[in-house]
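Q: Sending over a structure as C-alpha cells; questions will come in a sec.
Protein chains: 2
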Amino acid sequence: MNYKIKSRIWIEVDDRVFLGEGRIQLLKAIDEVGSLSKAAKALQLSYKKAWHLLNSMNTSGKQHITTNSIGGKGGGGTQLTEYGRDLIKIFDQINKNCWSFLDQELEALKKLDEEK
Amino acid sequence: MNYKIKSRIWIEVDDRVFLGEGRIQLLKAIDEVGSLSKAAKALQLSYKKAWHLLNSMNTSGKQHITTNSIGGKGGGGTQLTEYGRDLIKIFDQINKNCWSFLDQELEALKKLDEEK
Numbered sequence: 000m001n002y003k004i005k006s007r008i009w010i011e012v013d014d015r016v017f018l019g020e021g022r023i024q025l026l027k028a029i030d031e032v033g034s035l036s037k038a039a040k041a042l043q044l045s046y047k048k049a050w051h052l053l054n055s056m057n058t059s060g061k062q063h064i065t066t067n068s069i070g071g072k073g074g075g076g077t078q079l080t081e082y083g084r085d086l087i088k089i090f091d092q093i094n095k096n097c098w099s100f101l102d103q104e105l106e107a108l109k110k111l112d113e114e115k
Numbered sequence: 000m001n002y003k004i005k006s007r008i009w010i011e012v013d014d015r016v017f018l019g020e021g022r023i024q025l026l027k028a029i030d031e032v033g034s035l036s037k038a039a040k041a042l043q044l045s046y047k048k049a050w051h052l053l054n055s056m057n058t059s060g061k062q063h064i065t066t067n068s069i070g071g072k073g074g075g076g077t078q079l080t081e082y083g084r085d086l087i088k089i090f091d092q093i094n095k096n097c098w099s100f101l102d103q104e105l106e107a108l109k110k111l112d113e114e115k
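Listed in order, the protein sequences are those of chains A and B.
Heads up: the first sequence begins at 0 in numbering that gives the first Met the number 0, then just goes up one per residue.
Heads up: the second sequence begins at 0 in numbering that gives the first Met the number 0, then just goes up one per residue.
Listed below in C-alpha cells is the structure:
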C-alpha cells in the first residue's frame, strides 16, 4: 500500500488564528514584491482580504510583522520586519518537523497491514 | 502570549484520501449505531455522501472496514471489522502524538518572544 500522511497546521493566539499556511504565503509574497497590493494580486486575493489577514497578524503578534514606507517613486511599500521573517522561518521549520514526525508515525499503519 | 498550535491530518493511499477526521467520525458513528443510514443522520450527512465516503475507505484499505448484515427486524445493518476498529485506534493515536509533538515545537515561537 502506497500510504502518505499529510497535515495542515496553524497557530492561534487567544483562540484566534495568528499564523497559517495562507498567511505565511502572504508574508512571503510581501517579502518578495515589497508591497501588499502586489502580493495580494500575485496570490489572487482581494486587497481587502489581504489587508485584513496582515492586520490580524500585526495586531496579534508580540511585535509588528511589517512596516510601511510612504511615498517615493511608484508609491509606498510594505516590508517585513526581522520578527516577521523569523515567524516565517519558525512556521516552515515546525511544518517540516511535523511532516518528518508523521512519516514515522505512519509506521503503525504499515505494521497493521503486515500483521493482518 | 497565549499560543496554541493546531493541526489536521489525513492519510492518503495512491494520492487519494483514505482516512481523515470526517471519515473517522463516520466510522465511529457506524460502530455506535450499527447502521450507515443512522450514522449519516447522526452526523447530518446525506446517505449518498456517507455511502461514498465508506465505499472509498472499503475499496482503498488493505481489508474491508465494514461488513453488512442483511434483513432481520428493522432491516440490515453495518458493522465495523476488527481492521476498521484498528484503523480508528491508529488514526486517533497518531493525532494525539502529533498534538503532543506540536506542543513541544511551539517552544521555538515562545523562545523568539523572549529574545526580542
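Note that the Cβ used here is the ideal one computed from N, Cα and C, for glycine as well.
1) Taking a cut of 8 Å between CB atoms, which residues from the region 4–15 of chain A lie near chain B?
2) Hey, would you say F90 (chain B) sits closer than 8 Å to I23 (chain B), going by beta carbons?
3) So L26 (chain B) and L79 (chain B) are supposed to be a Cβ contact under 8 Å. How far apart are they, rounded?
4) Assuming T65 (chain B) is part of the beta strand (DSSP E), what are its boundary residues?
5) Please list, in chain order, the residues of the region 63–92 of chain A that have any C-beta partner in chain B closer than 8 Å.
6) May I ask you to verify whether the region 13–20 of chain A touches the region 49–67 of chain A, counting CB pairs closer than 8 Å and requiring at least 3?
7) Over what stretch of residues does the beta strand (DSSP E) that includes H79 (chain B) continue unbroken?
8) Just grab the DSSP bridge partners of R7 (chain B) for me.
9) What's the gap between the Cα of S55 (chain B) and the Cα of C97 (chain A)?
10) Under the assumption that Q92 (chain A) contacts A107 (chain B) (Cβ atoms under 8 Å), give the Cβ distance between them as a whole number of angstroms.
11) Residues of chain A with CB closer than 7 Å to the CB of N96 (chain B), please, in chain order.
12) Quick one: list the residues of chain B neighbouring N57 (chain A), beta-carbon separation under 9 Å, in chain order.
13) Please report the straight-line C-alpha distance between E31 (chain A) and W9 (chain B), rounded to a whole angstrom.
14) Can you check whether the CB of K109 (chain A) is closer than 8 Å to the CB of Y82 (chain B)?
15) Roughly how many whole angstroms lie between the Cα atoms of G75 (chain A) and W50 (chain A)?
16) Please report the residue range of the beta strand (DSSP E) in which L128 (chain B) lies.
17) Anything in chain B within Cβ reach of D112 (chain A), meaning under 8 Å, just list it in chain order.
A: Considering the structure as presented:
1) I4, K5, S6, R7, I8, W9, I10, E11, V12, D13, D14: these are the residues of the region 4–15 of chain A whose beta carbon lies less than 8 Å from some beta carbon of chain B, given in chain order.
2) yes
3) Sure, about 6 Å apart at Cβ, within 8 Å.
4) 65–68
5) Y82, D85, L86, I89, Q92
6) yes
7) What sits at residue 79 (chain B) in the sequence shown is Leu, not His. Where L79 (chain B) is concerned, the enclosing beta strand (DSSP E) stretches over 76–79.
8) A:R7
9) 27 Å
10) By a beta-carbon distance limit of 8 Å, Q92 (chain A) contacts A107 (chain B). Their separation comes to about 7 Å.
11) E104
12) The contacting residues do not exist; N57 (chain A) stays about 14 Å from chain B at best.
13) Distance between the alpha carbons of E31 (chain A) and W9 (chain B): 31 Å.
14) no
15) Each residue's alpha carbon lies about 15 Å from the other.
16) A query on residue 128 (chain B) cannot be resolved here, the shown segment of chain B reaching from 0 to 115 and no further.
17) K61
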